[in-house]
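Trainee: If you read the sequence shown in our numbering, its first letter stands for residue 93, the second for the next number, and so on.
Starting off with a structure, shown below.
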Amino acid sequence: MTPSSKVPRGPLLAAEHVLLIDQKQRGYLTTLASGQIFHTHAGMVAHDDVIGLAEGSQVLTSTGRRFLVVRPTLADVVLKMPRGAQVIYPKDLGAILLAADVGPGMRVLEAGVGSGALSMAMLRAGAQVLGYEIRADFARRARANVVEWVGEAPYDVVERDVYEGIEERDLDRVVLDLPEPWRVLPHAEKALRPGGILLAYLPTINQVSVLRAVMARSRFAMAETSELLRRTWHVEERSVRPDHRMVAHTGFLTTARLLAPPG
Ligand code: SAH
């Protein structure tokens, strides 16, 4: 089953999440509730002035400034939701979905889960996600984030150390965002079906070296490591150029596929 919440269209309703964007393109996430007031540096916005508007409308604050109102995208949510651990950036989330070929109905084991940003992206792609997370507080936060931002979904997080083993069998994908993914390879060899894909997200190339060396002696093949550089541009009529600042480094993606057992 894929997340069942229907596509949000039509006028903005109470209890919906919205993004208010100021004239400097800064976004503020809030949940609409009748009678509530949203306080910003540029004055107040009454939620009742927003409820019933079409997405993409403008509202005036109490001091006469304009805010644009839209429903947040998954990338907006990931960058602004409450988080404990570092989340994976949207540029990498998109790439991970294709690199690990995550699709509808696939059984995915994810470890560690952190704040659940990657969980949300995989659920949105239609996968069934089971998370292993050693920290109980993160496991709770991830579950709450998924309910809040994705809704009803085939998702659970158990408090477990994935280095100690994976109980599930016949998984389609194993997706790892933790410091020593090479310690998971022997478990993933048992838990994945042949042809299944393992993906590890790692911040340093030293970790990638260890992973690739251990992989070379495992039943995983077709290993590939990549990184993604995303440069945004400043576009004005008389000044079109790359932005001065960019997020120059996040993490490396390594994928490999499990071979059938010999014989
Ligand atoms: N990908 C997540 C962020 C993960 S941060 C996101 O997008 O939000 C790394 C997480 O791995 C942390 O929450 C940490 O507690 C967890 N972790 C570290 N070692 C682990 C292990 N051996 N088993 C399970 N979880 C682990």
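Note that beta-carbon positions come from the ideal geometry of N, C-alpha and C, so glycine has one too.
State the start and end residues of the unbroken beta strand (DSSP E) segment that holds Leu303.
Mentor: In the sequence shown, residue 303 corresponds to position 211, counting from 1. Premise fails: Leu303 lies in the alpha helix (DSSP H), Ile297 to Ala308, not in any beta strand (DSSP E).
Trainee: Whole alpha helix (DSSP H) runs in the stretch 157–224 with 4 or more residues, listed along the chain?
Mentor: DSSP runs (the alpha helix (DSSP H)) wholly in the stretch 157–224: 166–172, 182–191 and 209–216.
Trainee: To which residues of the same chain is Arg265 closer than 8 angstroms at the C-beta, ignoring the five residues directly before and after it?
Mentor: For this step, residue 265 is matched to residue 173 along the sequence shown. Ala192, Asp193, Val194, Met198, Arg199, Val200, Leu201, Ala219, Leu284, Gly288, Ile289, Leu290 and Leu291, listed in sequence order.
Trainee: Any heavy atom of the ligand SAH closer than 8 angstroms to the CB of Arg235?
Mentor: Along the sequence shown, read from residue 1 onward, the residue named residue 235 stands at position 143. The answer is no for Arg235.
Trainee: For the beta strand (DSSP E) containing Glu251, name the first residue and the last one.
Mentor: The count along the sequence shown starts at 1 and reaches residue 251 at position 159. First-last of the beta strand (DSSP E) with Glu251: Tyr247 to Glu251.
Trainee: Could you check what DSSP says for Ala236 in three-state terms: helix, strand or coil?
Mentor: In the sequence shown, counting from the first residue as 1, residue 236 sits at position 144. It is helical.
Trainee: Figure out for me which residue from Leu210, Leu268, Ala203 and Ala280 has the closest Cα to the Cα of Val250.
Mentor: In the sequence shown, the residue the question calls residue 250 occupies position 158. Checking every option, the nearest Cα to that of Val250 belongs to Ala203.
Trainee: With respect to the beta strand (DSSP E) encompassing Pro286, which residues constitute its N-terminal and C-terminal limits?
Mentor: Here residue 286 refers to the residue found at position 194 when the sequence shown is read from its first residue. That run of the beta strand (DSSP E) goes Leu284 to Leu294.
Trainee: Measuring alpha carbon to alpha carbon, tell me which of Trp274, Ala125 and Met214 ends up nearest Leu190.
Mentor: Counted from its first residue, the sequence shown places residue 190 at position 98. With distances taken between Cα atoms, Leu190 lies closest to Met214.
Trainee: Let me know the secondary structure DSSP gives Val254 once reduced to three states.
Mentor: Your numbering for residue 254 matches position 162 in the sequence shown. In the structure shown, Val254 sits in a helix (DSSP, three-state: H, G or I).
Trainee: Between Gln194 and the ligand SAH, is the CB less than 8 angstroms from at least one heavy atom?
Mentor: Here residue 194 is taken as the residue at index 102 of the sequence shown, counted from 1. Here the sequence assigns Val to residue 194, which means Gln is not the residue at that position. Checking the Cβ of Val194 against the ligand SAH gives no.
Trainee: So is Pro196 buried or exposed if we call it buried at 16+ other beta carbons inside 10 Å?
Mentor: Walking along the sequence shown from the start, residue 196 turns up at place 104. Label assigned to Pro196: exposed.
Trainee: Rounded to a whole number of angstroms, what is the C-alpha to C-alpha distance between Val221 and Asp269?
Mentor: Residue mapping note: residue 221 aligns to position 129 of the sequence shown, counting from 1. Residue mapping note: residue 269 aligns to position 177 of the sequence shown, counting from 1. Taking the straight line from one Cα to the other gives about 14 angstroms.
Trainee: In the DSSP assignment, find the unbroken alpha helix (DSSP H) run with His139 in it and report its ends.
Mentor: Sequence index remark: in the sequence shown, residue 139 carries index 47 (1-based). First-last of the alpha helix (DSSP H) with His139: His139 to Val142.
Trainee: Do Gly208 and Gln178 have their C-beta atoms within less than 9 angstroms of each other?
Mentor: Walking along the sequence shown from the start, residue 208 turns up at place 116. Walking along the sequence shown from the start, residue 178 turns up at place 86. The answer is no: Cβ separation not under 9 angstroms.
Trainee: Under 8 angstroms by Cβ, that's how I've got Pro278 and Leu294 pegged, so tell me the actual separation to the nearest angstrom.
Mentor: Position 186 of the sequence shown holds residue 278. Position 202 of the sequence shown holds residue 294. That pair is no contact at about 18 angstroms.
Trainee: Run through DSSP, which three-state label would Ala352 get?
Mentor: Here residue 352 corresponds to residue number 260 of the sequence shown, with the count starting at 1. Reduced to three states, the DSSP call for Ala352 is coil.
Trainee: Which word fits Val91, buried or exposed, when buried means at least 16 other C-beta atoms lie within 10 angstroms of its C-beta?
Mentor: One cannot answer for residue 91 here, as it falls past the ends of the chain, which runs 93 to 355.
Trainee: Here's the rule I'm using: 16 or more other beta-carbon atoms within 10 Å means buried, otherwise exposed. How should Pro164 be labelled?
Mentor: Sequence index remark: in the sequence shown, residue 164 carries index 72 (1-based). Buried is the call here.
Trainee: Under the criterion of a Cβ to heavy atom distance below 8 angstroms, does Gln299 qualify as lining the ligand SAH?
Mentor: Working through the sequence shown from its first residue, we reach residue 299 at position 207. Not under cutoff, so the answer is no.
Trainee: Beta-carbon within less than 8 angstroms of Ala340's beta-carbon, same chain only, minus the 5 sequence neighbours each way: which residues are those?
Mentor: Working through the sequence shown from its first residue, we reach residue 340 at position 248. Within the same chain, Ala340 has close Cβ partners Leu321.
Trainee: What's the gap between the Cα of Asp335 and the Cα of Tyr181?
Mentor: For the purposes of this step, residue 335 is taken as the residue at position 243 of the sequence shown. For the purposes of this step, residue 181 is taken as the residue at position 89 of the sequence shown. Roughly 18 angstroms separates the two Cα atoms.
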